[in-house]
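Colleague:
Protein chains: 4
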Amino acid sequence: MGDLLGVAVLGVGHMGADHIRRLDRVVSGARIAAVADPDLASAKEAVAGLDGVSVHPDPEAALDAPGVQAVLIASPGPAHEEALLAAFARGLPVLCEKPMVPDSVGALRVVEAEARLGRRLAQIGFMRRYDAEYRRLKSLLDDGRLGRPLMLHCTHRNVSSPPGFTSAMLINSSVSHEIDAARWLLGQELTAVTVLRPRPAAGAPEGLLDPQFVLFETEGGALVDVEVFVNCGFGYQVRCEAVCEAGSARIGDEHSMLVTTRGTAGEEVPQDYLVRFADAYDREVQSWVDATRRGQVTGPSAWDGYAASAVAEAGVRALESGDRTTVDLARRPDLYA
Amino acid sequence: MGDLLGVAVLGVGHMGADHIRRLDRVVSGARIAAVADPDLASAKEAVAGLDGVSVHPDPEAALDAPGVQAVLIASPGPAHEEALLAAFARGLPVLCEKPMVPDSVGALRVVEAEARLGRRLAQIGFMRRYDAEYRRLKSLLDDGRLGRPLMLHCTHRNVSSPPGFTSAMLINSSVSHEIDAARWLLGQELTAVTVLRPRPAAGAPEGLLDPQFVLFETEGGALVDVEVFVNCGFGYQVRCEAVCEAGSARIGDEHSMLVTTRGTAGEEVPQDYLVRFADAYDREVQSWVDATRRGQVTGPSAWDGYAASAVAEAGVRALESGDRTTVDLARRPDLYA
Amino acid sequence: MGDLLGVAVLGVGHMGADHIRRLDRVVSGARIAAVADPDLASAKEAVAGLDGVSVHPDPEAALDAPGVQAVLIASPGPAHEEALLAAFARGLPVLCEKPMVPDSVGALRVVEAEARLGRRLAQIGFMRRYDAEYRRLKSLLDDGRLGRPLMLHCTHRNVSSPPGFTSAMLINSSVSHEIDAARWLLGQELTAVTVLRPRPAAGAPEGLLDPQFVLFETEGGALVDVEVFVNCGFGYQVRCEAVCEAGSARIGDEHSMLVTTRGTAGEEVPQDYLVRFADAYDREVQSWVDATRRGQVTGPSAWDGYAASAVAEAGVRALESGDRTTVDLARRPDLYA
Amino acid sequence: MGDLLGVAVLGVGHMGADHIRRLDRVVSGARIAAVADPDLASAKEAVAGLDGVSVHPDPEAALDAPGVQAVLIASPGPAHEEALLAAFARGLPVLCEKPMVPDSVGALRVVEAEARLGRRLAQIGFMRRYDAEYRRLKSLLDDGRLGRPLMLHCTHRNVSSPPGFTSAMLINSSVSHEIDAARWLLGQELTAVTVLRPRPAAGAPEGLLDPQFVLFETEGGALVDVEVFVNCGFGYQVRCEAVCEAGSARIGDEHSMLVTTRGTAGEEVPQDYLVRFADAYDREVQSWVDATRRGQVTGPSAWDGYAASAVAEAGVRALESGDRTTVDLARRPDLYA
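Protein chains in written order, with my numbering: chain A, 17 to 353; chain B, 17 to 353; chain C, 17 to 353; chain D, 17 to 353.
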């Protein structure tokens, strides 16, 4: 494969630091060439012991550093648009953590900028597409054996929500994964959304509408329902059942090790997404590195990032209004056809 | 237990004939004393070989026949109201197949008649309350270990629908089971209903809206969603997941025999409700016979029958209007407190 | 079906009392006509409230009591032979709890006595043949879809053993169920047995060889292995996997209700055989009553009872010697062909 | 991590070629420095497109090639001993595919040679120790929550055996995985083995004793039984249930995606070990590369390789004799304490 791919990592927070570790120790074919973070001390600490890495307070300086051939954006969401545009300006391939851009107006600007370039540079971090179970489900739906999908029943549960988590974030942070997964699994855009609000659980922080039950309609007449419950207390569970004309398929029930003790026969439930999706993150980054070194861009596109933003925004509006809310997407540039 | 309970069976169609068999051969403590059906020949055939059974074209004549101490109503739904009132007039205990009375106005008349009597005589045939799995789920919810129920996710799938099955019948015939089960499991009345209509499956008869996705709200703020899909083609599946504040519990996944053949490890799925709920029917009738012989009435009441009718009617209206539709129940007589 | 079948129940211990309840309250078509037990007070208590039941200290007196048309033997094993022969002498149909006769010499005497009669009167209480899961497994093996069975992997676990339970009883009491089940499922006699003795569990009483691992060979070259562990502490588990030439099938994993709480997703494990096999007992007795009233005898035969004794004896010898021990069966009378 | 680790790969057959791909494209931190294979053309083809790789017909020449810092042995088993000793002579760390050395006499020579060196250089390719499920099982057994392990029930099934597969290879090729897994899970040596031979399956090649049922006894009094069935026709299944004093745990039942079609609800069964253990192979090699670059040796040792050979040999003897066969291990050098 020749030389290692020089990567600039923007942002050294939780996800950024994890990606630095992954690029250095898990993924083959890449090396960290530069990092950027306003907190210079943290940036230095994140790459301590690595050779040949330059450290910068400013993202653009990192992009211009020697040896940088690609960019991984793990800075806070509001900084993504500027970083993506800077990478585009330099012709650098990008892996950008989700959300691509938090608001759909900014997301559309990114889409339009890349469309003007006329070639794809950006891959968005919807890592479920790299999860082994989701891939098996996608493959099963695509082979047509179960017929046309009619409904997706989805569950998204977290043990507890972090401080500052808002009712809107159940949709634009948590359900955004299901938004992309549904679009990808069905190969259809989502056209309307309704949010139902059961009486909040006792375990939810005061004022947080948790759980919520979110209904999406698709351009093909399918229905996607999502239970999102971020303070369920009992585990991290991501499930998806696709109900099709000739059968149904369900992923996400953990059955890998059955433990029988007094009174129960069961399996452990992972308590964290890093446990559940560890392999998916690895595959995601590896896939990106490999494609980049071949001069290609595969995986989720900027259009996927934009569509997720747009649908999530409609979802938040539906949450606030209590009404069915349509999703209006911009025209899809030919680049993403 | 002394003498056998003399039962008059009204109606010798599919369900009536099955109940005659059950009373005669499965259930202890009962005997068939009389049957009634406008089709006298069928009625005679249904009790061929049984001693001491009188056969009548007219229900009231059967109720007045010698030895009749109780009534099992298995005639078509529109005949139920008159039969129930006739049984009430004679002070006879009744087991009445669902729907108690198809329209909620007539159902309410039955409730009021029984309330005037001042004592319960009628048990309604919601046999899921006698299913072993439902009972375990009810028991688990009642013991409080999982906390307050927030949502019920229900699935109700049939291989195919019989001729003449209408879009409304998905709700007032199929989902009526979930209506009673949800009321019973949660101990709450249902207050609103919304029906979503995904694009119909290719396997559904022309013009039938199948599947449907039905959402109920409850007086306590819980949410009940039901996928009803009566031409799914792959099996008879009834599932219910109760999502509570401290955990979830799911019934209806068939795991009793795992068969591994080339390429799959799985279980057979029953193709018929008579297979899945055979024990439940037995327990239902046995429980009724036993209680009757003790001079008691237990199990689902006329109020339960009325409430199911009323909610189903609201559901059909929601289906037709596309709108969220509230359920307005009459005041509950003290008898059913 | 005409009049109720008059049954004499011999023995009013744990099983006898349960069968009295079942005949009276669960099973249709039968009534208790007489009971016998050396402990007259207990016998009277067991039938308190039942009409028309005569109570006897002596089994033969009960058999001769008015109205007795059939016998259910639930007395201790050593009393079975005499009771069976007495029933045969009177031409009375019998349902005899297992073990039919504890020693195979006595068991063979029973077989020979019935063979001399020239017609079957006895059914032996191997109730697993009435369990829904075992029946599904038997049916699957019989239809030939999985090809010839090569191995049965069996598990038989109890929470704890009763006082006085000996190492031999793991075989002749516990594994005797697997002996009959294997013979029935495979349609083959067992020809050799080997018993392995892992180091006993800490929870086993001092001196009890628990667990044991028992290997049976069959006349057709199949292998049957049984883990028997009667102080496992965690539940009552009966499992059986049939490994065949074209697939395998496993029963006994309880999956009927999945409960998810913090850290686990699982199901309850029953703690008692009466819970697990309640339906099987009911079906067993009902089937016997029905066949008896039709003048027929179906179900496990005296030959089955004898074969179980003979194999269990060989098993105990194998346990004691540590050697592979062959099973020598008498010639099978034509009656049981 | 500094420079990439230069690896010499010996053997470019099926496994060798797969490891070359893995080192080049999956694993970070390594590069192929040299390859050796008597078939020079195949060797050249295996590294086509890779820079800086020298190709040799002779293993020792590859070990002496520039840039070689470590060795991966994937040549046929009979060549392993010489290659291991050559690596030891040069102080090179080795990852050696199983079997380390096919005969236990040669395996012991390797152990002794490494013991003379006084430091570990060799890791043996028992990749199950890197499988996520096995690691969870090991971790559960080690934490003591389930108490002392009493029995391991193992299943090892292949769809079909390759040409030339012999009855002995069911033990020394297939069951050798269970031998290492049992030793590792229990932390005990195996002391005796018995092999039972059910009548062969119709699908097994003429003359092959398939399936077999293998029983191991351990120094701690535990029992390990293995069903090995290499022409089962229905899938690749590796299962292990550990029965302990306070509970049991089972791995290997595939439940990750439940597919419901007409008449069955089930999951796909993988058809190949490369599918089932893909992650394990990756983790294995990555772990080795990482440890090697840190100057350490972790993972399965030469002693483990020797012990597996010795037990497998006893197993083959037990197969041939039909007798219980003891395993006699050499004294364990202090290096492996």
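Where is the CB? At the ideal position from N, CA and C, for every residue including glycine.
The structure displayed is predicted, hence computed values, not measured ones.
1) Return the CA-CA distance between residue 215 (chain D) and residue 149 (chain C), expressed in angstroms with no decimal places.
2) In the DSSP assignment, find the alpha helix (DSSP H) that holds residue 120 (chain D) and state where it starts and stops.
3) Could you please tell me which residues of the stretch 63-90 of chain D, in chain order, have their CB closer than 8 Å to any CB of chain C?
4) Under 7 Å between C-beta atoms, does residue 276 (chain D) make it to chain A?
5) Are the stretch 56-69 of chain D and the stretch 100-120 of chain D in contact at 8 Å, needing three or more beta carbon pairs?
6) Suppose contacts are defined by Cβ-Cβ distances below 7 Å. Is residue 343 (chain D) in contact with residue 327 (chain D) by that definition?
7) Given a threshold of 16 other Cβ atoms within 10 Å of its Cβ, counted over all protein chains shown, does residue 312 (chain B) qualify as buried or as exposed?
8) Kindly indicate the opening and closing residues of the alpha helix (DSSP H) around residue 22 (chain D).
9) Taking Cβ-Cβ distances shorter than 8 Å, what residues in chain B pair up with residue 227 (chain A)?
10) Would you list the one or two residues that DSSP bridges to residue 312 (chain A)?
11) Taking the alpha-carbon of residue 117 (chain D) as reference, which of D:138, D:95, D:131 has the nearest alpha-carbon?
12) Between residue 64 (chain B) and residue 258 (chain A), what straight-line distance do the alpha-carbon atoms span, to the nearest angstrom?
13) Can you find a C-beta in chain D that's less than 7 Å from the C-beta of residue 214 (chain C)?
14) Nearest by alpha-carbon distance to residue 349 (chain B): which of B:53, B:133, B:55, B:35 is it?
15) Find the nearest neighbour of residue 81 (chain A) within the set A:106, A:238, A:57, A:62, judged by alpha-carbon distance.
16) Could you tell me which whole alpha helix (DSSP H) segments of length 4 or greater appear in the stretch 26-107 of chain C?
17) For residue 195 (chain B), report the span of its alpha helix (DSSP H) as first-last.
18) Could one say the Cβ of residue 157 (chain B) lies closer than 7 Å to chain E's Cβ atoms, at least one of them?
19) Against residue 236 (chain A), what residues of chain B qualify as contacts under a CB-to-CB distance less than 8 Å, listed in chain order?
20) Is residue 110 (chain B) helix, strand or coil when you go by DSSP?
21) Three or more C-beta pairs under 8 Å: does that hold for the stretch 17-33 of chain B against the stretch 218-232 of chain A?
22) Pop quiz: residue 359 (chain B) and residue 86 (chain B) are said to be a contact at Cβ under 8 Å. What is the actual Cβ separation, rounded to whole angstroms?
23) Below 8 Å on the Cβ atoms is my guess for residue 75 (chain D) versus residue 93 (chain D); work out the distance and round it to an integer in Å.
24) If contacts are defined as beta-carbon pairs under 8 Å, then residue 197 (chain A) and residue 112 (chain A) qualify, I think. What distance do you get, rounded to the angstrom?
25) In three-state DSSP terms, what is residue 162 (chain B)?
26) Look at the Cβ atom of residue 191 (chain C), then the Cβ atom of residue 244 (chain C), and state whether they are nearer than 7 Å.
27) Whose CA, out of B:167, B:220, B:201, lies closest to the CA of residue 166 (chain A)?
28) Can you have a look at residue 341 (chain C) and say buried or exposed, based on whether 16 or more other CB atoms are within 10 angstroms of its CB?
29) Leaving out five residues before and five after residue 8 (chain B) in sequence, what residues of the same chain have Cβ atoms less than 7 Å from its Cβ?
30) Looking at the strands, I want to know which residues DSSP matches up with residue 394 (chain C).
31) Please list the partners that residue 243 (chain B) has in chain A, where partner means a Cβ-to-Cβ separation under 8 Å.
32) In whole angstroms, what separates the C-alpha of residue 125 (chain B) from that of residue 252 (chain A)?
33) Taking all protein chains shown into account, decide if residue 278 (chain B) is buried (16 or more other Cβ within 10 angstroms of its Cβ) or exposed.
34) With 7 Å as the limit, tell me which residues of the stretch 179-190 of chain A have their beta carbon closer than that to any beta carbon of chain B; keep them in chain order.
35) Quick one: list the residues of chain D neighbouring residue 218 (chain C), beta-carbon separation under 8 Å, in chain order.
36) For residue 232 (chain A) and chain B, any beta-carbon pair shorter than 7 Å?
Modeller: The relevant details are as follows:
1) Their backbone Cα atoms lie some 26 Å apart in a straight line.
2) That run of the alpha helix (DSSP H) goes 120-133.
3) Within the stretch 63-90 of chain D, no residue qualifies.
4) Summary for residue 276 (chain D): the model assigns pLDDT 46, below 50, so the residue's position carries little reliability; its value from the coordinates is reported in the next sentence. Output row for residue 276 (chain D): interface = yes.
5) By the Cβ criterion, the stretch 56-69 of chain D is not in contact with the stretch 100-120 of chain D, since fewer than three pairs of Cβ atoms, one from each stretch, lie closer than 8 Å.
6) Yes, Cβ-Cβ distance for residue 343 (chain D) and residue 327 (chain D) is below 7 Å.
7) Exposed, because fewer than 16 other Cβ atoms sit within 10 Å of the Cβ of residue 312 (chain B).
8) Per DSSP, residue 22 (chain D) lies in no alpha helix (DSSP H); the unbroken beta strand (DSSP E) holding it starts and ends at 21-26.
9) Per Cβ cutoff of 8 Å: 166, 167, 259.
10) DSSP lists no partner for residue 312 (chain A).
11) The candidate whose alpha carbon is nearest that of residue 117 (chain D) is D:95.
12) One C-alpha to the other measures close to 49 Å.
13) In terms of beta-carbon proximity, residue 214 (chain C) lines the interface with chain D, with at least one pair separated by less than 7 Å.
14) Of the residues B:53, B:133, B:55, B:35, the one whose Cα lies closest to the Cα of residue 349 (chain B) is B:133.
15) Here the closest residue by C-alpha is A:106.
16) If we require 4 residues or more, the alpha helix (DSSP H) runs fully inside the stretch 26-107 of chain C come out as 30-41, 56-62, 75-79, 96-106.
17) For residue 195 (chain B), the enclosing alpha helix (DSSP H) starts and ends at 192-202.
18) Structure shown: chain E not included; protein chains present are A, B, C and D.
19) Per Cβ cutoff of 8 Å: 215.
20) If DSSP states are grouped into helix, strand and coil, residue 110 (chain B) belongs with the strands.
21) No, they do not touch.
22) This structure leaves residue 359 (chain B) out entirely; chain B is present only between 17 and 353.
23) Not quite, the Cβ-Cβ distance comes to about 14 Å (not below 8 Å), so this is no contact.
24) Cβ atoms of residue 197 (chain A) and residue 112 (chain A) stay farther apart than 8 Å, at about 18 Å.
25) Looking at residue 162 (chain B) - three-state DSSP - the assignment turns out to be coil, as it is neither helix nor strand.
26) Cβ atoms of residue 191 (chain C) and residue 244 (chain C): closer than 7 Å.
27) Nearest option by C-alpha distance: B:220.
28) By the neighbour-count rule (16 or more Cβ atoms within 10 Å), residue 341 (chain C) is buried.
29) It is not possible to answer for residue 8 (chain B), since the shown part of chain B is limited to 17 through 353.
30) With chain C covering only 17 through 353, there is no way to say anything about residue 394 (chain C).
31) When 8 Å is used as the limit between beta carbons, residue 243 (chain B) is near these residues of chain A: 167, 169, 259, in chain order.
32) Within the model, the alpha-carbon separation for residue 125 (chain B) versus residue 252 (chain A) is close to 50 Å.
33) In this predicted model, residue 278 (chain B) has a pLDDT of only 48, less than 50, meaning its place in the structure is not dependable; the value taken from the coordinates is given anyway. The residue is exposed, with fewer than 16 neighbouring Cβ atoms inside 10 Å.
34) Residues of the stretch 179-190 of chain A with a C-beta atom less than 7 Å from some C-beta of chain B do not occur.
35) From the beta-carbon of residue 218 (chain C), the residues of chain D found nearer than 8 Å are 163, 164, 261.
36) Residue 232 (chain A) does not count as touching chain B.
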